Each structure stands twice: as C-alpha cells, then as structure tokens.
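Structure, as structure tokens:
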Amino acid sequence: STSAFPVELQAAEPLTTTRTTTTTEFNSFAMSADLCEIQAIADANAKEENPTPDFPVPAKCDQSGSDLLEVKDTVGKGKGFYAKQDIEAGTTLIGAKPLSLVMDWEEDDEGDEMSMEMDEEDGEDMDVMKGSKRNGMLVARLAKAMKESPSMWFEKIGNLFPREVTDTIWICECSETGMEIEHAMNALLEVNEFDDEVVDEIRLRLPLIVRYNCLSVETASELFVHPNREGGGHCTLSGTGLYYFPSYFNHSHKPNVARYSMGDVMIFV
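Numbers in the numbering used here are just positions in the sequence shown, counted from 1, shifted up by 827.
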C-alpha cells in the first residue's frame, strides 16, 4: 500500500509510526544509492531456502537517532522520540538492526502460528496475557543473548516499556516454547551480573517488553508483490524483531514517520 509520507516535522513534535511497514520516499541521493545496494542483496537473499538476513545498515544512517531526535516523557505513553528541530520531509531518521529476530519460516507448525497481534489478555483473568509462539521464540532468544552479553539488559532492553514490573503475567501459548523460555531464564542465574532479584524482574518484564515493542519485518511489502516469491517477492525475508532505538517511536493511527525494511535492516523516514 502507498502511504501519505513523507511529511515535514516540526521542532518538539512527537514522532509516531505504525506497526505495519509503509512505503516512502527518501530525499538523499547518497542514501538511495546505499539502499539500492542493500535491496540487491535482499533480492538475492529472498531466493534462498530459509534465509536469515544479516544486512549492512547504510553508511550515512544515524543508528541511534540522536542527530535529529531526543527521548522525552510522553503523556500516557511513557517515553518517546521528539524532533529536536524542524525536519525536512523525506529525511532519514534512523537505520537500525534488531536485537533479535524470528523469521516467519521458523514457525514450523502452522497450528501454532499466530501473529504478534494475537497476544491478548485472558477474559477470565485480566492479569494473564496469552502470548504467541513467535513472540515466545523472540523472548527465548533475547534471554540467551543476554546470558552472553548481560549489558543488553542493563543498557538497552531494560529501558523499554514496561519499565517496571506489573501485575500482568505473560504465558506462551506454545508449551514447548514456554519450556525453552524457562530454561533460558534459569540459565541467567549462572551469570554474575544477574542476581535472583534481577532474573525475577526479567522473567516478568521481558515477555511484555517484546509484546509491546516488537515490530513486523517485511521487505518490499506491497500486497501484490510480497507473497509472489517466484515473481521476485520477498516473503521469505519476513519476520518479527525487537529493535532498541526504534522502540521509542510510539504507535499512532495517524503517524508522521514511515518505516521500510530490507531484510533485518529497518529504516525510519
């Protein structure tokens, strides 16, 4: 689908985007050249069987958004990005790689396949939220990554919403994935940087952080192209990922920022 982007942003304006990928126009020739190179990599990668993309971020991309954006408190939405200055329409704001990514093709059991939007609160107990297998896989991978690099929690993931332990308990619909999450959480107790209290916090917060901040990833997402792999579609590159700095773009049905994916690289304009 074609969006109404790009739009001009005013200084101190809150920046918002959607949970679905949009198409946009870039106002930088140099950036467009870099994107064309990455798109060529994506075209080739999409033809592979079960690809796991690991593409380069364009050289001129700000990967933190700090050049033009700042994080401030947002009424009703915690923290979010705000424009530091007036920003010309079509300006590339951020180019980001995920902290972790789960590909669509990795959900080997169609009966367990649920989109991230299927995470929902149990009608009988509003403190229990049922979670999809895909989000559960993402939680498990992030926990395993944090065992190898504890700073991921303290410097990045732990800063994301919800920033405090809540009464909501997230439970994975897939019992096998749920066990994988439990093993990954228990393994964190072997790390010196994580004491019992921190691990308990991670158990409760990490699934909800994934639930509220993960983004769908679709390369060249146009409806009539994307599913047609034989015709050059990129459905094999689709997935769900958790991105750190992009998580500060709050969601809106009337967004002023567009996003576009090429493999695991996500561009915000």
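Glycine residues also receive a C-beta, built at the ideal position from the N, C-alpha and C atoms. Since this is a predicted model, take the numbers as computed values, not measurements.
Contact between the region 1041-1050 and the region 1003-1017 (3+ Cβ pairs under 8 Å): The region 1041-1050 makes no contact with the region 1003-1017: fewer than 3 CB pairs, one atom from each, lie closer than 8 Å.
The alpha helix (DSSP H) with Arg1086 in it runs from where to where? Looking at the DSSP string, Arg1086 is not in any alpha helix (DSSP H); the run it does join, the beta strand (DSSP E), is Arg1086 to Met1089.
Residues near Gly958 by beta carbon distance below 7 Å, same chain, minus five either side: Asp946, Trp997, Ile998, Cys999, Glu1000, Pro1034 and Arg1038
With DSSP run on the structure shown, which of helix, strand or coil describes Thr829? Annotation note: pLDDT 32 at Thr829 (below 50); position unreliable, coordinate value reported separately. In this structure, Thr829 counts as coil in the three-state DSSP scheme.
Provide the residue span of the beta strand (DSSP E) that contains Leu965, from first to last. First-last for Leu965: Lys960 to Glu975, but that is the alpha helix (DSSP H), not the beta strand (DSSP E).
For my contact list, Lys924 and Val1092 are in at a C-beta cut-off of 8 Å; report their separation, rounded to the angstrom. 6 Å
Cβ separation of Val1084 and Phe1076, assumed to be a contact under 8 Å, to the nearest whole Å: 6 Å
Report the residue from Gly1060, Gly903, Ala838 and Ile1094 whose alpha carbon sits nearest the alpha carbon of Asp913. Ala838
Who are the near neighbours of Gln890 in its chain, counting only those whose CB is closer than 8 Å to its CB and skipping five residues on each side? Val884, Ile921, Gly922, Ala923, Lys924 and Phe1072
Classify Glu1024 as helix, strand or coil using the three-state DSSP reduction. helix
Can you tell me where the beta strand (DSSP E) holding Ser891 begins and where it ends? From DSSP, Ser891 is part of no beta strand (DSSP E); its letter is neither H nor E.
Within the region 890-937, note down every full beta strand (DSSP E) run reaching 3 residues or more, in order along the chain. 896-901, 905-910, 921-923 and 927-930
Would you kindly work out how many angstroms separate the C-alpha atoms of Ala916 and Ala972, rounded to a whole number? 37 Å
Ignoring anything shorter than 3 residues, give me the beta strand (DSSP E) runs that lie fully in the region 1030-1082, in order along the chain. Those beta strand (DSSP E) runs which fall completely within the region 1030-1082 and span 3+ residues are 1042-1044 and 1066-1069.
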